[in-house]
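Data block below; observations after.
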Amino acid sequence: MLRLTALILLFIGGLQGYGQDRKGYYQAEIGGGVTADRLPFWLHTNTFGKITNDTYLWGTVGVGTPFSKSDTRAFDYSFGFEGTGALGRKEHRIFIDQLYGRVRWQNLILDLGIIKPEIVYDGLSSTNGDMLYSTNSRSMPGINLQTQDFIKIPWIGKWVSFKARYGEYLMIDDRYAGNRTRLHHKMLDIRFTIIPQLSIEAGLDHYAQWGGETEKDGKLPTSFKDYARVVLIKAGGGDAPENEINKLGNHIGNEFLKIRYNNERWGAEFYYDHIFEDGSGEKFRNRPDGLYGLYFTRKKNFKWFKSFVYEFYYTKCQSGPFHNDPVSGEVVGGNDNYFNNGIYQSGWTFYGQVIGSPFFTTKPEEASGITRGVLNNRFYAHHLGICGDLPGDIRYKLMMSYSLNYGTHSIHFINKNGEYTTKPQFSWGLELIAPDTKLPFHTALNVGFDKGDLLKNSFGIMLKIFKTGFF
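For the sequence shown, position 332 (counting from the first letter as 1) is numbered 459 according to the numbering used here, and the numbering increases by one without interruption.
Right under this line is the structure:
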């Protein structure tokens, strides 16, 4: 991590030499939470890992510079830093939220470092519109090359365009396969423009955990040939663990669809994420599993009501309960066991938080500080988010969620009589943000409560003040 930080700082220092007449930004935030036991779900979820359910006081500071040139095809750069200190009942933490340098040229952007994903849908989505990569966990250090916007395909660019990403990251937290676990990512998004106001997008997101070291299998393959196998989703070599004979690494993906309509007064979008962990899911044998979402926003005269998001999750199928037929032993490809893996047992988590949708519930952290994946990945859930402006220019955001949870195919939830059972859960959160017209900073009040059998019943209040500006 220290070597990576030094490389990022050297990269940023080199960028500064290209221009001095640039605007910089600053941000500062301090907040605290009050609750009898644990912060409710919507007071700590989707905070980039900054706030956990036992945090009672935190502060964040950040500085940086955005891209400066209006000509998006010219050479430009951006860099930034953000750090957080947080006090909790179980532990105190100091960590880097962001430390990055970015270079833009033509329609390409190269990112190096730790950088947060952009928040979409006015922050109303339970998973930032992406079932696999939300705003729930801290961001990973890495390098990423992406298109800034859609690129038109020659001769048919009026109707068809695409954008893409390709990145490599390090999972540097304490985890079962060690903090040298690597993460490969690539994404392709194709847009079909029907009319200027209406478009359809379809694409594929692919992630693969590889490398690292375990007590059982020792050091896992990391040669260039192994990297090529991971990228191309090929079988492991002779030194690969038995579980990776078919595919080297832990692969997880998302096939997505978006239908978007915009005019001068309002916009709407339907989005669908189809999650898969192996070939059976990729072939839609796990249907109807996935995320189904609808976003609507008003662009003019949106007092009281500006936007809403409704999302429905279904993850109960997972291609059936069995990976191998219990009688014949035939591989049938079921029990996809989302966000868990036999070799990479920390699964789809980072610093103890789920990387994807927060409705997937992590296992309790072990004494060693390691989280071994999720204990609940079979559920259906409804989520509603609404935002708007109240009198006095007070902004509000309301989040309400209900889920019915089943555990996993292998380990079901059990009641006192030893019978399979389900755990219902309702979570509610309200945020009110006052402008900085009378005070030199914004003030935010958050109230939330949980009621159900999955999480402990709780009620909590948070107060924070924050300031952003340019220099």
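Glycine included, C-beta positions come from ideal geometry on N, C-alpha and C.
Given the structure is predicted, the values throughout are model-derived calculations rather than measurements.
Nearest to Ser288 by C-alpha distance, out of Gly330, Asp580, Ser252, is Gly330. Taking all protein chains in view, the Cβ of Leu566 is surrounded by fewer than 16 other Cβ atoms within 10 Å, so the residue is classified as exposed. The region 487-536 is shown to contain whole beta strand (DSSP E) runs of 3 or more residues at 501-503, 505-517, 521-534, in chain order. Annotation: Asp332 is outside any alpha helix (DSSP H); the continuous beta strand (DSSP E) that includes it extends over 325-338. In the three-state DSSP reduction, Leu572 falls in the strand class (E or B).
Annotation: the continuous beta strand (DSSP E) that includes Ala561 extends over 550-561. Residue burial is scored here from C-beta neighbours: Pro268 has at least 16 other C-beta atoms within 10 angstroms and is therefore classed as buried.
For Val358, the enclosing alpha helix (DSSP H) begins and ends at 351-358. The three-state reading of DSSP puts Tyr441 in strand, counting E and B together. When the Cα atoms are used, Asp344 and Gly376 turn out to be separated by approximately 13 Å. When C-alpha distances from Gln154 are compared across Pro167, Gly207, Ala201, the shortest belongs to Gly207. Within the DSSP bridge table, the entry for Gln480 names Phe477 as partners. For Tyr293 against Leu272, the beta-carbon gap comes to about 5 Å, under 8 Å, which counts as contact.
Taking 8 Å as the cut-off, the Cβ atoms of Leu237 and Asp332 do not count as close. Look at Phe319 here: in three-state DSSP terms it is strand. Within a 10 Å sphere around the beta-carbon of Ser446 sit 16 or more other beta-carbons, which makes this residue buried. Of the residues assessed, Tyr465 falls on the buried side of the cut-off, its CB having 16 or more other CB atoms within 10 angstroms.
For Leu170, the uninterrupted alpha helix (DSSP H) run begins and ends at 168-171, by DSSP. Bridge pairing for Ser264: absent [DSSP]. In this structure, Thr174 lies away from Gly160, with their beta-carbon atoms at least 8 Å apart.
With fewer than 16 other Cβ atoms from the protein chains shown falling within 10 Å of its own Cβ, Glu218 counts as exposed. Runs of the beta strand (DSSP E) lying entirely within the region 176-231, each at least 3 residues long, are 182-192, 203-215 in chain order. Across the structure, Thr442 and Phe553 are spaced so that their CA atoms are roughly 18 Å apart.
Thr254: not part of any beta strand (DSSP E); DSSP gives it neither H nor E.
Looking only at Gln480, Thr570, Ser484, Phe486, the smallest Cα-Cα distance to Ile521 is reached by Thr570. Secondary-structure assignment with DSSP links Ala395 through a beta bridge to Tyr388, Phe423. In the structure shown, the three-state DSSP call for Gly380 is strand.
Going by C-alpha positions, Lys578 is about 16 Å away from His171. Three or more Cβ pairs closer than 8 Å define a contact, and the region 342-359 falls short of that threshold against the region 501-518.
Tyr248 sits in a helix when the DSSP states are folded into three classes.
It is roughly 17 Å from the alpha-carbon of Glu404 to the alpha-carbon of Tyr440. In the structure shown, Tyr153 adopts extended strand secondary structure according to DSSP, grouped into three states.
For Phe289, the pairing in a beta bridge is given by DSSP as Ile278, Ile317. The three-state reading of DSSP puts Tyr296 in strand, counting E and B together. In this model, Asp301 and Tyr354 are separated by some 23 Å (Cα to Cα). For Gly240, the enclosing beta strand (DSSP E) begins and ends at 235-241.
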